[in-house]
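Undergrad:
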Amino acid sequence: SSEAEEEMCLICTETIEIYAIGPCNHAVCHKCSLRLRELYQQRSCYLCKMDQPLVIFTYNGSRTFQSFGEREWAKRDESMGIAFEYPEMYQDAKALLRFNCPDLGCDAIANSWGALAKHTRSVHQLLLCEICTKNKKVFPHEHTLFTRKALASHYAGSDGQEVARSGFRGHPLCAFCGQRFYEDEALYVHCRDRHEQCHLCVREVGANKAPWYESYSTLSQHFERDHYVCRDPGCLERKFVVFSSDIDLTAHQV
1 SSEAEEEMCL ICTETIEIYA IGPCNHAVCH KCSLRLRELY QQRSCYLCKM DQPLVIFTYN
61 GSRTFQSFGE REWAKRDESM GIAFEYPEMY QDAKALLRFN CPDLGCDAIA NSWGALAKHT
121 RSVHQLLLCE ICTKNKKVFP HEHTLFTRKA LASHYAGSDG QEVARSGFRG HPLCAFCGQR
181 FYEDEALYVH CRDRHEQCHL CVREVGANKA PWYESYSTLS QHFERDHYVC RDPGCLERKF
241 VVFSSDIDLT AHQV
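All residue numbers for the sequence shown refer to full-length UniProt numbering, where the first residue is 1 and numbers rise by one.
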């Protein structure tokens, strides 16, 4: 069973056909290595975090990185930081990165995301999720194709099967802009940069529970309604000079 364990990729748990071996000699499958290096721009070992300026793609999982001589490489791609034992490994890696149509029965290859989206729409009457294609770290052919109705469910997170399968709950919506984001963190960054949150409420209930306001003018209405605002012209101009109690306001004015 130890042999079987060695042949299983520790990242995706698939059987390894082509090994990716770095200087630390921890091996993963070539697809996971390529995904980490090209899609995540991560050039360190998944297991020990050792820097991997170069990895070797090989069929022989029992060899060490150090045992390979440069003459044994059929191809070395400097931009990927990968040396390939055989030419077909290089071709396979290049093929994974192309804009291949996700439809299993289709061999079409586009030259951009826009061209691929146009192809799937016109030939298959199916749509790609533009938010996923910009953010999800999967190869082009691994993306999901949707009908118009299914894409709407995907955006809203109302596809029960998708939620059960992957835990995906939709692309969160900014209630002010009507724009959707890949995940909650991206929505938070947008709200932090474009909208306003009351610092007093954040202190009281936390950033996750404190409501957002579209602009400072709507936030200032909240200040007037629920907190104690300093009326000094300089403080009004400076903004955010507001207190949670009358005592704090008085102390500030003194």
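The beta-carbon is built from N, C-alpha and C at its ideal position, and this holds for glycine as well. What you are looking at is a predicted structure, and each value in this text was computed from that prediction instead of being measured.
#1: Given this structure, state the Cα-to-Cα distance separating Glu193 from Val205, to the nearest angstrom.
#2: What residue range does the alpha helix (DSSP H) around Ile131 cover?
#3: Determine the extent of the alpha helix (DSSP H) in which Phe84 is found, giving its start and end residues.
#4: With DSSP collapsed to three states, give me the class of Ser1.
#5: Mind listing, in chain order, the continuous alpha helix (DSSP H) runs of no fewer than 4 residues lying wholly within the region 30-71?
#6: Can you list, in chain order, the residues of its chain with a C-beta nearer than 7 angstroms to that of Val138? Leave out the 5 residues immediately preceding and following it.
#7: How many Å lie between Leu249 and Arg169 at the Cα?
#8: In the structure shown, what three-state DSSP assignment does Phe223 receive?
#9: Closer than 6 angstroms by C-beta to Lys21: which residues in its own chain qualify, once you throw out the five before and the five after it? Chain order, please.
#10: Who are the Cβ neighbours of Leu219 in its own chain at under 6 angstroms, not counting the five residues just before and after it?
#11: With H, G and I counted as helix, E and B as strand and the rest as coil, what does DSSP make of Trp212?
#12: Indicate whether His227 and Ser215 have their beta-carbon atoms separated by less than 8 angstroms.
#13: Determine which residues share a DSSP beta bridge with Tyr228 and list them.
#14: Am I right that Leu145 and Asp103 are in contact with their C-beta atoms under 8 angstroms? What's the rounded C-beta distance?
#15: Alpha carbon to alpha carbon, what distance is there between Cys32 and Trp113?
#16: In terms of residues, what are the limits of the alpha helix (DSSP H) holding Ala186?
#17: Considering only their Cβ atoms, is the gap separating Ile109 from Arg121 smaller than 8 angstroms?
#18: For a test of the three-state rule: what should DSSP assign to Asp248, helix, strand or coil?
#19: If contacts are defined as beta-carbon pairs under 8 angstroms, then Tyr46 and Leu36 qualify, I think. What distance do you get, rounded to the angstrom?
#20: Looking only at C-alpha atoms, which of Gln41, Asn60, Ile11 sits nearest to Ile18?
#21: By the 10 Å Cβ neighbour count, where 16 or more other Cβ atoms means buried, how is Asp159 classified, buried or exposed?
#22: To which residues of the same chain is Ser44 closer than 8 angstroms at the C-beta, ignoring the five residues directly before and after it?
#23: By Cβ distance, which residues of its chain are closer than 6 angstroms to Ala93, with the 5 residues on each side in sequence left out?
#24: Using the DSSP secondary-structure output, state which residues sit across from Ala110 in a beta bridge.
TA: Short version:
#1: Here residue 193 refers to the residue found at position 193 of the sequence shown. Here residue 205 refers to the residue found at position 205 of the sequence shown. Before going on, a small fix: residue 193 reads as Asp here, not Glu. Cα to Cα, Asp193 sits roughly 21 angstroms from Val205.
#2: Taking the sequence shown and counting its residues from 1, the one referred to as residue 131 is at position 131. Counting along the chain, the alpha helix (DSSP H) containing Ile131 begins and ends at 130-135.
#3: Taking the first residue of the sequence shown as position 1, residue 84 is located at position 84. From DSSP, Phe84 is part of no alpha helix (DSSP H) but of the beta strand (DSSP E) over 82-84.
#4: As a working mapping, residue 1 is identified with position 1 in the sequence shown. Legend: pLDDT at Ser1 = 39, less than 50; position of this residue unreliable, value from coordinates given subsequently. Ser1: coil per DSSP, three-state reduction.
#5: 30-34
#6: Taking the first residue of the sequence shown as position 1, residue 138 is located at position 138. Once the five neighbours on either side are set aside, Val138 has no close Cβ partner at all.
#7: To locate residue 249, count along the sequence shown from 1; it is residue 249. To locate residue 169, count along the sequence shown from 1; it is residue 169. The straight-line gap from Cα to Cα measures roughly 43 angstroms.
#8: On the sequence shown, residue 223 is found 223 positions in, with the first residue counted as 1. Helix.
#9: As a position in the sequence shown, residue 21 is number 21, starting the count at 1. The residue you asked about is not Lys; residue 21 is Ile in the sequence shown. Non-local beta-carbon contacts of Ile21 in its own chain, meaning distances under 6 angstroms to residues more than five positions away in sequence, involve Ala27, Ile56, Phe65 in chain order.
#10: As a first step, residue 219 must be located in the sequence shown, where it is residue number 219. So the qualifying residues of the chain are Glu196, Tyr213.
#11: Walking along the sequence shown from the start, residue 212 turns up at place 212. The three-state reading of DSSP puts Trp212 in strand, counting E and B together.
#12: Your numbering for residue 227 matches position 227 in the sequence shown. Your numbering for residue 215 matches position 215 in the sequence shown. No, these two residues do not count as a Cβ contact at 8 angstroms.
#13: Within the sequence shown, the letter at position 228 stands for residue 228. Note: Tyr228 sits in a beta bridge opposite Phe243.
#14: Taking the first residue of the sequence shown as 1, we reach residue 145 at position 145. Taking the first residue of the sequence shown as 1, we reach residue 103 at position 103. The pair is a contact, with the Cβ atoms about 6 angstroms apart (cut-off 8 angstroms).
#15: Locating residue 113 in the sequence shown gives position 113, counting from the first residue. Locating residue 32 in the sequence shown gives position 32, counting from the first residue. Approximately 22 angstroms, taken between the alpha carbons.
#16: Reading the sequence shown from its first residue, position 186 is the one you call residue 186. From DSSP, the alpha helix (DSSP H) with Ala186 extends over 184-194.
#17: Against the sequence shown, residue 121 aligns to sequence position 121. Against the sequence shown, residue 109 aligns to sequence position 109. It is not a contact, given that the beta carbons lie outside the stated cut-off.
#18: Along the sequence shown, read from residue 1 onward, the residue named residue 248 stands at position 248. In this structure, Asp248 counts as helix in the three-state DSSP scheme.
#19: Indexing the sequence shown from 1 puts residue 46 at position 46. Indexing the sequence shown from 1 puts residue 36 at position 36. Right, their Cβ atoms sit about 7 angstroms apart.
#20: Here the question's residue 18 lines up with position 18 in the sequence shown. The shortest Cα separation from Ile18 among Gln41, Asn60, Ile11 belongs to Asn60.
#21: As a position in the sequence shown, residue 159 is number 159, starting the count at 1. Counting Cβ neighbours within 10 Å, Asp159 comes out buried, since at least 16 surround it.
#22: Taking the sequence shown and counting its residues from 1, the one referred to as residue 44 is at position 44. Excluding positions up to five away in sequence, the list reads Met50, Asp51, Gln52.
#23: On the sequence shown, position 93 is the one that residue 93 refers to. If we look at Ala93 and ignore the five residues flanking it on each side, its Cβ neighbours are Leu34.
#24: Translated into the one-based positions of the sequence shown, residue 110 becomes position 110. Its beta-bridge partners are Phe99.
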